[in-house]
Every structure is written in structure tokens, then in C-alpha cells.
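To start, the structure under review is shown below, and the notes come after it.
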Amino acid sequence: MDRLDELAIFVAIVDAGSLAGAARRLRRSRPAVTRALAALEERVGTRLIARTTRRLTPSDAGRELAGTARRLLADYDASIGGVAAAPVSGLLRITAPLSFGRRHATPLVAEFLDRYPDVQVELVLADRNLDLIEEDLHLAIRIGPLASSRLVARKVGEVRRILVAAPSYLVRHPAPQRPADIAGHDTIASVAAEQTLSWRFGGPGRGASVVLTPRFIVNEVEAVLIAARAGRGLARPISYQAADDLASGALVRLLRQYEPPPLPVQLVVPSGRHLAPKVRAFLDHAIERLPKLAPIGVE
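The UniProt record's numbering puts the first residue of the sequence shown at 1, with every later residue one more than the last.
What follows is the structure in C-alpha cells.
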């Protein structure tokens with residue numbers, strides 16, 4: 001059996017959660033699917049699928065291999081697709097976080113529409129991760145690690161959660177020198193981002209978690225930035241959200257040495273197999289253009 005075909009069968013098993021389901025998806029016999037899984041497990045030397053009475057689930061090694069397999073299959077399809085000059089047309093449905101979508105996805109889509117006049121794009125902006133299959137979405141821009149191995153991701157950048165304040169606030173309150181100092185400051189919390197009303201920091205040692213008693217709580221990042229610019233306290237947006245205010249001097253970045261690790265910005269599709277030309281074209285466009293839009297992250 002072709003090795004790529006073997007990987008495709010394995011991914012189908014992971015997605016379907018059963019050998020019978022994978023066989024139906026691939027229009028193959030169940031014994032053929034079973035043999036392919038057994039051959040792959042023997043080749044890698046470890047169990048890839050944990051078998052229960054109700055469902056097959058990938059082991060840790062299986063989840064890792066499934067992610068790698070999706071990328072390999074996506075690269076293969078992209079290579080083959082580049083040979084065939086299929087038309088790029090039709091409706092493309094994309095989702096992205098609200099603020100990121102306004103600032104970065106919208107100009108990206110505008111450029112894509114100029115390049116491909118036969119495509120129509122619906123951009124769905126939401127701060128919760130929509131299920132791509134249930135919501136009939138072709139592609140997502142996601143920030144942070146992925147929770148599902150059923151998604152194929154291409155990293156296009158990094159962002160950070162940063163601590164900021166207005167110069168007018170820092171005139172009245174000395175800037176914190178370490179995370180523990182935040183307890184003596186007014187804070188502005190976003191309940192969408194900090195459900196537990198605490199901020200986690202990195203830096204020296206094992207990092208620190210600061211429990212907040214915020215003066216102002218709001219569920220929308222633009223309101224957080226407005227309050228921060230007005231000198232109402234410390235705020236903790238994601239770097240791209242505050243990029244314009246940092247550049248203009250409206251906000252000042254604090255405690256850089258204690259910032260947590262960066263978060264990946266990723267382009268995500270539900271499966272790497274048989275990508276439509278419009279999806280593949282947008283992926284190529286976004287991989288080329290998104291890192292160049294000013295600025296995603298703040299160094």
C-alpha cells in the first residue's frame with residue numbers, strides 16, 4: 001500500500017472514531033482499513049489507537065502522528081493542486097477573532113478579493129472558537145494552541161499578552177517592577193480573556209499568577225483599551241491589539257521581562273485532504289501576506 005494512502009486511512013480512523021466509519025468515508029472494506037492500521041502500528045513500533053467499547057481514540061503517539069500526517073497530506077494535495085489549473089471561485093467562509101479580524105483579516109480578505117474576482121468571502125468574526133464543520137466554515141485564523149488533532153494548522157506569526165498603562169496613570173502611580181506590585185494598582189480586566197480574574201506571568205523562576213481586584217471589568221477589548229488610554233489603570237491586551245497605542249505613545253509597555261511565552265497565530269482548516277482551489281488559494285495568499293501586515297506581534 002502507498003505510504004500516503006496509509007496515512008490517509010489513519011487520519012480517517014482518527015476523525016471517524018471507528019474502523020467502520022473510516023471505511024465508509026473512504027469507500028473501502030473494513031478489513032482493508034484494519035490491515036492498514038495494523039501495518040502502520042507495526043512500522044512505527046507503538047500503538048496509535050486506543051480501543052474502547054464505544055470509540056477508537058488516538059494515543060499520545062497517535063495524536064502526534066495524526067497532526068504530522070495532516071500536514072504531509074496537505075502539502076501533497078497543495079503540490080498536486082498546483083499542477084491542475086482549477087478555477088478559484090465560489091463562496092469562501094472564514095472565521096477569525098473579533099479584534100484580529102478587524103485589524104488584520106479584513107485587509108487580507110480585501111486583497112484576496114482583488115486578486116480573485118470570482119470569489120465571494122464571508123468573514124465571521126467571533127472571540128469564541130467556532131466549530132468549522134458544524135458552522136460550515138472553510139478556514140479559521142486562530143490565536144493560541146489548538147485543542148483538537150482533527151485540525152490542520154499553518155503558523156504565520158506570534159503574539160504576546162502584554163501589560164500596559166497610560167502615561168497619565170503612571171504619573172500618579174509608580175510603574176510596577178514585578179508582578180506582585182500589581183496588587184497595589186488599579187486594573188482593567190476583560191472577562192472574555194480572564195474568566196478567573198487573574199493574570200499569569202512568566203519570566204524569572206516559574207512565573208507568577210496575580211489575582212485581581214479590578215476597578216473596571218468589561219467583556220470587549222476595545223473598551224479595555226479606551227479605559228487604559230484614559231488612565232483608569234493597568235490593562236493586559238494581546239500585543240497586536242495595543243500596537244497602534246504603543247506606537248503613538250498613548251500606552252506604555254510594562255514588565256516585559258515577566259511576559260508569558262508567545263501565542264501562535266495559525267491558519268486552520270478542518271482537513272488537509274482535497275482542499276478546494278479557493279481554500280488553497282486563500283491559504284497561499286494568507287501565508288504570504290499575513291506576516292507582512294503591520295504589525296501582528298510586538299517585539
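Glycine residues also receive a C-beta, built at the ideal position from the N, C-alpha and C atoms.
The structure presented is a predicted model; accordingly, all values stated were derived computationally and were not measured.
According to DSSP, which residues form a beta bridge with R253?
Stepping through the sequence shown from its first residue, residue 253 is reached at position 253. Beta bridge pairing from DSSP links R253 with V164.
What's the gap between the Cα of H173 and the Cα of H185?
Along the sequence shown, read from residue 1 onward, the residue named residue 173 stands at position 173. Along the sequence shown, read from residue 1 onward, the residue named residue 185 stands at position 185. In this structure, the straight-line span from the alpha carbon of H173 to that of H185 is close to 8 Å.
Among R154, F112 and A8, which one has its Cα closest to the Cα of P264?
Residue numbering aside, residue 264 sits at position 264 when the sequence shown is read from its first letter. Selected option, being the one with the closest Cα: R154.
My output table needs one value for T57: the three-state DSSP class, helix, strand or coil.
Mapped onto the sequence shown, residue 57 falls at position 57. In this structure, T57 counts as strand in the three-state DSSP scheme.
Buried or exposed by the 16-neighbour rule on C-beta atoms within 10 Å, applied to T187
Taking the first residue of the sequence shown as position 1, residue 187 is located at position 187. T187 should be labelled buried.
Is the distance from the Cβ of residue 328 to the Cβ of V269 below 9 Å?
In this structure the chain extends from 1 to 299, so residue 328 is not present and cannot be described.
According to DSSP, simplified to helix, strand and coil, what is Q120?
The sequence position of residue 120 within the sequence shown is 120, counting from 1. Q120: strand per DSSP, three-state reduction.
Which same chain residues, not among the five before or five after Y116, have their C-beta less than 8 Å away from its C-beta?
Along the sequence shown, one-based indexing puts residue 116 at 116. For Y116, where only same-chain residues beyond five positions count, the Cβ hits under 8 Å are V88, S89, K278 and A281.
Going along the chain, which residues of its own chain have a beta-carbon closer than 6 Å to the beta-carbon of A250, five neighbours each way excluded?
Within the sequence shown, the letter at position 250 stands for residue 250. The residues are R229.
Residue burial classification, G144 (beta-carbon count within 10 angstroms, cutoff 16):
Position 144 of the sequence shown, counted from the first residue, corresponds to residue 144. When all chains shown are included, G144 counts as exposed.
Where V88 sits in the DSSP three-state scheme:
Within the sequence shown, residue 88 is the residue found at index 88, counting from 1. Reduced to three states, the DSSP call for V88 is coil.
From A66 to V11, what does the alpha carbon distance come to, in whole angstroms?
Mapped onto the sequence shown, residue 66 falls at position 66. Mapped onto the sequence shown, residue 11 falls at position 11. A66 and V11: Cα-Cα distance of roughly 6 Å.
Going by CA-CA distance only, name the one from E111, L246 and V191 that's closest to T213.
Against the sequence shown, residue 213 aligns to sequence position 213. It is V191 whose Cα lies nearest to the Cα of T213.
Just to confirm my understanding: we take E194, look at its own chain, exclude 5 residues before and 5 after, and list those with CB closer than 8 Å. What are they?
Residue 194 sits at position 194 when you count from the first residue of the sequence shown. With a pLDDT of only 48 at E194, under 50, the local geometry of the prediction cannot be trusted, and no value is derived from it.
Buried/exposed call for E64, threshold 16 Cβ in 10 Å
Numbered from 1 along the sequence shown, position 64 holds the residue referred to as residue 64. Label assigned to E64: exposed.
Using 8 Å for Cβ pairs, my map puts L225 next to D77. What's the rounded Cβ distance?
Here the question's residue 225 lines up with position 225 in the sequence shown. Here the question's residue 77 lines up with position 77 in the sequence shown. Contact doesn't hold; Cβ gap of about 41 Å is too wide.
State the CB to CB distance for the pair L137 and V156, rounded to an integer number of angstroms; the pair is presumed to be in contact (CB under 8 Å).
Within the sequence shown, numbered from 1, the residue matching residue 137 stands at position 137. Within the sequence shown, numbered from 1, the residue matching residue 156 stands at position 156. With a beta-carbon spacing of about 18 Å, L137 and V156 fall beyond the 8 Å limit used to define contacts.
What runs of the beta strand (DSSP E), each 3 residues or longer, lie entirely inside the region 206-279?
208-211, 216-218, 252-254 and 263-269
If you compare alpha carbons, which of L290, P291 and L267 is closest to A74?
For the purposes of this step, residue 74 is identified with residue 74 of the sequence shown, where counting begins at 1. Answer by Cα proximity: L267.
Apart from the five residues on each side of it in sequence, which residues of its chain come closer than 6 Å, Cβ to Cβ, to D284?
For this step, residue 284 is matched to residue 284 along the sequence shown. Closer than 6 Å at Cβ, skipping near neighbours: no residue.
If you draw a straight line from the alpha carbon of N129 to that of R142, how long is it in whole angstroms?
Your numbering for residue 129 matches position 129 in the sequence shown. Your numbering for residue 142 matches position 142 in the sequence shown. Going by the C-alpha atoms only, they are around 8 Å apart.
Do P176 and G203 count as a contact pair if the criterion is CB distance below 9 Å?
Here the question's residue 203 lines up with position 203 in the sequence shown. Here the question's residue 176 lines up with position 176 in the sequence shown. 9 Å or more divides the Cβ of G203 from the Cβ of P176.
Could you check if S239 is buried or exposed, using at least 16 other CB atoms within 10 Å of its CB as the buried criterion?
Taking the first residue of the sequence shown as 1, we reach residue 239 at position 239. S239 is buried by the Cβ-count criterion.
So is A36 in contact with chain C if we call contact Cβ pairs under 9 Å?
In summary, chain C is missing from the structure at hand, where a single protein chain is found.
With distance defined between alpha-carbon atoms, name the residue in R102, G45, A61 and R35 nearest to Q241.
Here residue 241 refers to the residue found at position 241 when the sequence shown is read from its first residue. Q241 has its Cα closest to that of R102, out of R102, G45, A61 and R35.
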